[in-house]
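The sequence shown lines up with residues 0 to 49 when you count with numbering that gives the first Met the number 0.
By construction, the Cβ of each residue, glycine as well, lies at the ideal position given by its N, Cα and C atoms.
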Amino acid sequence: MRPVDAGLISYTALKDGSVDLADIARMNDWLDLKADNENRIAKWREANER
Numbered sequence: 000m001r002p003v004d005a006g007l008i009s010y011t012a013l014k015d016g017s018v019d020l021a022d023i024a025r026m027n028d029w030l031d032l033k034a035d036n037e038n039r040i041a042k043w044r045e046a047n048e049r
């Protein structure tokens, strides 16, 4: 559901088979990477922008 929640695909596409498990895994990996990068940037800003 994370790709649907993030707006990457529609719920319909998830249900009708338009995307396969590899696509969903790739989107989940991207969402994990994006969240990790955002956290790293936030920590860097806290440490360096005082």
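Residue i: first and last residue of the uninterrupted alpha helix (DSSP H) it sits in
{"i": "A5", "result": "Where A5 is concerned, there is no enclosing alpha helix (DSSP H), given that its DSSP letter is neither H nor E."}
{"i": "R25", "result": "20-47"}
Residues near residue i by beta carbon distance below 7 Å, same chain, minus five either side
{"i": "V18", "result": "I8, A12"}
Please determine if the region 2-16 and the region 25-32 are in contact, where contact requires at least 3 C-beta pairs separated by less than 8 Å. Verdict: yes, contact present.
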